[in-house]
Amino acid sequence: LDATPQDLSVDNSASFTISEARLQPRCTADPEDPTCSKITLSGTVEKLSGTSEEDAKKMFFARHGQARFWKKDHGWNVYELHIESIFMLNYYGGAKNVSLSEYFTADCCSTVDSNLDNPTDSAYTSSIQQMPLQVRPLPLPALSAVFARWLVRCEGAARLPWGVLSTASSRPPNKGKPFGNVLSYADLPADGSECSGRVVFYMTALDASAQDVAVNPLATFTISEDQRSDRGCLFDPEDPNCAKIMLTGRMDQVPEGDALEAATNALFSRH
């Protein structure tokens with residue numbers, strides 16, 4: 018039922034982007050700042066089966082305990098991204114293309130654990146009750162348009178200041194393949210209103226995404242409620258209760274004049 022597996026069944030090329038911005042207060046810079054690390058893993062995606070699938074499920078459930086309770090009749094499968102290239106920006110001086118040999122031989126000291134090895138309804142309820150209380154009211158999910166505008170704006174965008182812009186890469190070795198990049202954004206003001214639902218970005222011509230849209234302006238911008246800096250989301254990021262939105266369209270450079278002034282004012286007031 019998910020849109021991503023449907024896309025992969027047609028073209029299994031993909032990229033997966035991760036930002037340090039979610040690790041508050043670890044990342045103290047703006048999400049688009051080079052000192053706030055971000056990495057994009059590009060390659061092809063394969064659906065796993067057999068022993069590989071069971072091993073992957075065990076690891077996934079150890080980190081995402083709520084996934085055990087998702088509806089079984091939705092046709093869940095396990096997929097692996099076979100990494101072909103790695104794009105990382107973690108400091109000033111430009112992005113780095115990390116070699117696969119260095120990546121796979123690097124020391125990884127992280128561990129995983131889970132207290133939901135035997136899931137029950139009471140265990141699920143307990144896991145939810147232990148999460149932080151929701152401190153801000155949300156629109157009713159049934160009000161789709163209102164909820165979408167809330168998510169993009171998110172009470173001034175101060176709590177949800179970034180997302181992932183996906184483009185068709187214009188650069189080797191991934192030319193023509195999907196590429197995701199972390200970008201700060203702002204909701205453009207409109208006449209008589211603080212917001213219009215139109216998103217604007219501040220990019221240099223050196224940015225990989227700016228180079229991509231100069232060749233192919235079609236792009237998708239993804240925002241997740243889990244990125245909120247004040248509390249994140251009460252549920253697992255992939256759970257339907259954790260809202261996410263994808264804005265797909267054409268990227269244009271804002272022309273000189275009043276429009277550019279309004280866009281830069283909106284960006285600088287939030288970043």
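Each residue of the sequence shown is one higher than the one before, counting from 18 in this note's numbering. For each residue, glycine too, the CB sits at the ideal point set by N, CA and C.
Assigned secondary structure, residue i (DSSP; H/G/I helix, E/B strand, else coil)
i	result
residue 279	helix
residue 263	strand
residue 63	strand
residue 31	strand
residue 192	coil
residue 284	helix
residue 179	strand
residue 138	Per-residue confidence for residue 138 stands at a pLDDT of 44, beneath the threshold of 50, marking its modelled position as unreliable; the derived number appears in the next sentence. Helix.
residue 162	helix
residue 86	helix
residue 272	coil
residue 168	helix
residue 38	helix
Residue i and residue j closer than 9 Å at C-beta
i	j	result
residue 170	residue 214	yes
residue 203	residue 280	yes
residue 61	residue 31	yes
residue 59	residue 100	yes
residue 239	residue 261	yes
residue 97	residue 118	no
residue 107	residue 45	no
residue 278	residue 84	no
residue 230	residue 184	yes
residue 196	residue 104	yes
Nearest-angstrom Cα separation, counted from residue j out to residue i
i	j	result
residue 18	residue 92	8 Å
residue 271	residue 74	45 Å
residue 253	residue 109	32 Å
residue 274	residue 102	40 Å
residue 67	residue 282	54 Å
residue 113	residue 95	30 Å
residue 115	residue 56	10 Å
residue 34	residue 179	13 Å
residue 257	residue 165	14 Å
residue 193	residue 186	5 Å
residue 77	residue 269	39 Å
residue 182	residue 23	20 Å
residue 287	residue 37	19 Å
residue 87	residue 25	22 Å
residue 89	residue 232	42 Å
Residue span of the beta strand (DSSP E) that contains residue i, given as start and end
i	result
residue 197	195-201
residue 91	Per DSSP, residue 91 belongs to no beta strand (DSSP E) and is neither H nor E.
residue 101	96-106
residue 235	235-241
Residue i: first and last residue of the uninterrupted alpha helix (DSSP H) it sits in
i	result
residue 69	67-80
residue 117	117-122
residue 26	20-27
residue 187	From DSSP, residue 187 is part of no alpha helix (DSSP H); its letter is neither H nor E.
residue 226	225-232
Other residues of its chain near residue i: CB distance less than 8 Å, five sequence neighbours each side excluded
i	result
residue 71	none
residue 220	200, 226 and 227
residue 111	223
Residues near residue i by beta carbon distance below 6 Å, same chain, minus five either side
i	result
residue 264	238
residue 297	The question about residue 297 has no answer here: the residues shown for the chain are numbered 18 through 288.
residue 81	253
residue 64	94 and 96
residue 47	201 and 288
Close beta carbons around residue i, own chain, < 7 Å, minus the five adjacent residues each side
i	result
residue 242	168, 250, 259, 260 and 261
residue 137	Low confidence applies here, because residue 137 scores a pLDDT of 46, under 50, leaving its location unreliable; read the following figure in that light. Nothing listed; no residue qualifies.
Residue i beta carbon near the ligand FAD (any heavy atom closer than 8 Å)
i	result
residue 32	For the structure depicted, the ligand FAD is absent and the ligand set is empty, with no information on it obtainable.
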